[in-house]
Structures are given as structure tokens and as C-alpha cells.
Amino acid sequence: MATNTNIIEFVPSHGALTRLGSDTTIESGQRKPPETSTAASVFDVRDLVFSEAGNKVSQGLRLSQAELYPARHAFSREHITALRLLTLAIGRSKRALDSITGDNMLAADTEIQKLQVLLPELFCCRGLGDGFGTITNALMSAFEVLGGTTPDVNQIRAMNKVLQVLKEKPFLSVDEADDQVQVLESVGLNPYPAELVEFLSSE
Amino acid sequence: MPTAERDRNKTRKNAGTGERKTIPSLPDTVGHFDLSSFTLEQCVLEARFPQALALWDNAGALWRAIQEKWPDVRLVTAEPAKTSFQDGKTGFVVELKAARITVLNSAKSMDELSKIGRDFFKLTALHLQLLLYERLGLRLIYFKEFKDREQAASAFHSLGLLKVPSTKKFEIEEQPVNQHYSLRWESEKKGTLVSCRAETRKIDYDPPIEAAQVFSPIHTERSGIVVDVDYYTVAPVEIGQVDMGEWMNHALHIISRDTQYLFEA
């Protein structure tokens, strides 16, 4: 005997008209049946217009993180911490770029150092996903290999871009994260832990 | 006086002297209630995506991975376009264009569902090689039982959601029953459908003869109010943006906060 309650039988005979296929599907066979309403043989032009407009809009639109996760109280600790740290990190890389543009290398170096110290805490949020951990780890390794040298403007720009991707897609997959690691690599950063490189080259 | 206006006045006059009489409204015997007095009958967490043909290649690997996480799930259906498993009152479905988890009668707490949802949809996205979700949806169906159809109608009436004519309509003396109120909010990015209705559920179940020794016939009628809320996204989202458990918690928070208006009249 099925344990599922078949709510088809429970639907009253006064169902409101709903656009078919637009609701979250409930248990199989339990969709509100339109047959209980007096059939309206109206060719609803509005539905067509809506569909066309909706498709056009959907192609260009994407939901941002803020729109997807709008309730401050509903965040997990890791998620909110990651977003806070990423916002800080993006701001610092942006200020570093501005400082370089203004020929103030000292200020740029200070901002980059401030960015670097955020990374270990950001790495603690790797429970969000393996992709998140991969990118944070790559950034930490890149700084480690730099050994205190201030990254150049292209490298900072690449870091800024990667951090923005991470903020918008904190749950990205490892494959997507690898693409971002390559972005870092393409500007001369070494995003792999020194131990790993040493281990791989020891053979 | 123009002819049209004369006709209207005439009609009003006839209506006043003829059929028009006020019928007693439903007794408002139901005290104040809100969503906390309802039981959560069904909770559905769903993601829709562009046709994932990888289902035909990877369905076995996907369900094996799911079974490794939740060994108690057992096969319900396996068809090319739809595969589904079940663990008690929790159902898991993966189709060519959608995946969902359905929990009946709060068999799992929301915290549990959030955790399960996170892993289930992550595995689904991985094995079906999804890049995009076209729609995310959280649908909650609550039910509150009342003594009979009239009391359910009375309780619904007390919510003040609908303006009910106080005079006889359609040649029927009785007040309306099984009322239905529905509102949809929809922007280019998100939407919510709130539906509240009084309904009567009739169950007539006679077990097949071979099962009659085990199961008793069920003939019962339940009347009550259903609150059905569907919170969903309209604009597509990239897989890397979404953790379904996290999204569900946010959706749940928004639903709990904003559904209260139904009971504030």
C-alpha cells in the first residue's frame, strides 16, 4: 500500500486556474486537476505573450547571491563568513589596484598584505565545497611562492577577478575552480603548494 | 433620464422587492489560529534544469552514490525519463528535466531535509553534468482539520481573505463552502504562489480481497483548511551559485515570515 497521500481525491471542486507547469511539482499525480473547473475554451493570448517575454528576459537575467539568499538570519555560519571575507578581500584588491594606478606602491603593498591575512580564515569556510577550497588554497599558495613580493598589476587584477567569481559562485565545482586556478597561472602566479611541486618533481 | 439608467433602476427595484434577502452568515465559532496550528503535510524541494540526457548514461552511478549516502532508500520506479527512490515517507525523484525530494507528514525535520537536499542535489548536478538550474522551488502544504465542512468554511471566512456576498446567489440559500483564495507574486527573478482553501477530503478505500485480513476498509471524511505555498525562482541560476540546503533555509525563512499575513485580518 502506498504511503503517499493521494491528494487528488482531496482537491475541492473549486480549483483556481493556474498556469500548468509553473508550480513546484507535488507528489506524482497530485497536481491540482483543471477538470474540476468549468472548462474555458479561451485561447489565452496573454500566456503566449508572457512566455515569450519570460524567455527573453530569462536568457539575460541571472539571480545574484543576494537575491538567492535574501534572509540574513537564514545563512549558515560558513556561508555568511565567506561572503563577508570575500567582500573585504575584493575591496582590498580593488584598493591595491587603485593605489598602483596612483603610483603609491606602499599603499598597494599594505592592501595586498591585508588581503593575504584573510585567506586562512577564508580557507576555514571550505566546507562550502571542494571548489571553494581549491581556489582559496591556490591563492594561499600563490602568496607563499611570491615570498613577500608584491604581485604586479596583472596578478592583482587576476586575483580580484577570481575572488569575484568565488563570491558570486561560492558553491562552484572543482572543475570550475580549476578554470580559475588557470587564470592565476596565466599571469605568472604559482597556485600550487610548494610541497606538492616538490613531491611531484622528486621522482 | 437615459434609457439605460432607467433600466438599471428598474432592475435594482425588482431585485429589492423580489428575490433579494439577506441570508445568515456562517457562524464565526472558530477562535484565532495561525500557521503554527497547522500540520505540515507535504514539503517538496525541487530543481528544474535543461534536459539532462546524461541521465540515460549515469542514472545507475547517481543512484549508487545516493544509496551510499542513504542506504535505506529503495527503488520505486526506473524508467528512461524518470527514476525514483523512497525512504519511508521521503521520496527522491530524478527526471530528465527535474529532480526533487518530497517529504510527507514532516517525516524529516527541516534541518534534516536541508542537509539531505544539499547532498542530493549536489550529486545530481555532478552526475547529470548540469551547468544551470532553470527553476528552484520549495513548496509547503499545511493542513488544519476542522469538525466538518461548515466549520472549515466558517474558519476560512473568519480569515477575512475573501469578500463573500451576503445575499442569496445562484439560487442557493447556503453560504459558500470550499472557498479558495490564491495570489501569485512574480517578478523577473522570483515568484511565490500562496493558495489557501477550505476543503473536504473523502477517503473510500476497500482493500483487495487478498489483503482484507491485514487492512481494514477506510471510509472517512476530513474537512479543513489547506495553506499551500510555492516559493520559486524564475530567472536561471548557475550550479556554482546554489547550495540547495542553504537556499531552502532562506526560502523557508521567507515563507514563514510572509505567510503570516493570511492570519492577521
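Each protein sequence line maps, in turn, to chains Y and E.
Counting from -14, one number per residue, gives the positions in the first sequence under the numbering used here.
Counting from 240, one number per residue, gives the positions in the second sequence under the numbering used here.
Glycine residues also receive a C-beta, built at the ideal position from the N, C-alpha and C atoms.
Quick caveat: nothing in here was measured; it's all calculated off a predicted structure.
Asked: List, in order along the chain, the chain E residues whose C-beta lies closer than 7 angstroms to that of Tyr177 of chain Y?; Found: Ordered by position in chain E, no residue passes the 7 angstroms Cβ test against Tyr177 of chain Y, which lies about 22 angstroms from the chain.
Asked: Among residues of its own chain, excluding the 5 on either side of Val150 of chain Y, which ones have a beta-carbon nearer than 7 angstroms to its beta-carbon?; Found: Gln165
Asked: Taking Cβ-Cβ distances below 9 angstroms as the criterion, which residues of the stretch 467 to 479 of chain E are in contact with chain Y?; Found: Asp467, Asp469, Tyr470, Tyr471, Thr472, Val473, Ala474, Pro475, Val476, Glu477, Ile478, Gly479
Asked: Verify the CB distance criterion: does Asp482 of chain E have a CB-CB separation below 8 angstroms to chain Y?; Found: yes
Asked: Using a Cβ cut-off of 8 angstroms (strictly closer), state whether Trp309 of chain E contacts chain Y.; Found: no
Asked: Return the first residue and the last residue of the beta strand (DSSP E) that Ser405 of chain E is part of.; Found: It is not in any beta strand (DSSP E) - Ser405 of chain E carries neither H nor E in the DSSP assignment.
Asked: Rounded to whole angstroms, what's the CA-CA distance from Ile478 of chain E to Gln499 of chain E? Just pull it up for me.; Found: 32 angstroms
Asked: Give every residue of the same chain whose Cβ lies closer than 8 angstroms to the Cβ of Val272 of chain E, excluding the five residues on either side of it in the sequence, and list them in chain order.; Found: According to the sequence displayed, residue 272 of chain E carries Phe and not Val. For Phe272 of chain E, where only same-chain residues beyond five positions count, the Cβ hits under 8 angstroms are Lys383, Ala394, Phe502.
Asked: Our contact map puts Leu284 of chain E next to Leu352 of chain E with C-beta atoms below 8 angstroms; I'd like the distance itself, whole angstroms only.; Found: 7 angstroms
Asked: Out of curiosity, what's the CA-to-CA distance linking Val312 of chain E and Ala392 of chain E?; Found: 40 angstroms
Asked: Where does Ile355 of chain E land, buried or exposed, given buried means 16+ other C-beta within 10 angstroms?; Found: buried
Asked: Please work out which residues of its chain come closer than 8 angstroms, Cβ to Cβ, to Leu371 of chain E, disregarding the five sequence neighbours upstream and downstream, and give them in chain order.; Found: Phe288, Pro289, Pro475, Val476, Glu477, Ile478
Asked: Just how far apart, CA to CA, sit Val333 of chain E and Tyr470 of chain E?; Found: 20 angstroms
Asked: Could you spell out the range, first to last residue, of the beta strand (DSSP E) harbouring Lys146 of chain Y?; Found: Run containing Lys146 of chain Y: none in the beta strand (DSSP E); it sits in the alpha helix (DSSP H), 138 to 153.
Asked: Any idea what DSSP makes of Tyr177 of chain Y, helix, strand or coil?; Found: coil
Asked: Apply the 10 Å Cβ neighbour rule to Gly330 of chain E and answer buried if 16 or more other Cβ atoms are within range, or exposed otherwise.; Found: buried
Asked: Just to check my reading of the structure: Tyr54 of chain Y and Ser126 of chain Y have Cβ atoms closer than 8 angstroms, yes? What is that Cβ distance to the nearest angstrom?; Found: Incorrect: roughly 29 angstroms between the Cβ atoms, too far for contact.
Asked: Would DSSP call Val416 of chain E helix, strand or coil?; Found: coil
Asked: Which residues in chain E sit within 8 angstroms of Gly116 of chain Y, going by Cβ to Cβ distance?; Found: Gly479
Asked: Roughly how far, in whole angstroms, is the beta-carbon of Thr119 of chain Y from the beta-carbon of Asp163 of chain Y, given that I think they are within contact range, below 8 angstroms?; Found: 7 angstroms
Asked: So, does the stretch 483 to 494 of chain E touch the stretch 58 to 65 of chain Y, judging by three or more C-beta pairs under 8 angstroms?; Found: yes
Asked: Taking the beta carbon of Pro319 of chain E as the centre, do at least 16 other beta carbons fall within 10 Å, making it buried, or is it exposed?; Found: exposed
Asked: Mind listing which residues of the stretch 280 to 314 of chain E have their C-beta closer than 8 angstroms to chain Y's C-betas, in chain order?; Found: Glu280, Gln281, Val283, Glu285
Asked: For the stretch 64 to 83 of chain Y, enumerate the residues whose C-beta is nearer than 7 angstroms to any C-beta of chain E, in chain order.; Found: His64
Asked: So if I threshold CB-CB distances at 8 angstroms, which residues from the stretch 132 to 166 of chain Y count as touching chain E?; Found: Glu153, Lys154, Pro155, Phe156, Leu157, Ser158, Glu161
Asked: I'd like to confirm the pairing. Which residues does DSSP put opposite Cys282 of chain E in its beta bridges?; Found: E:Val342, E:Leu379
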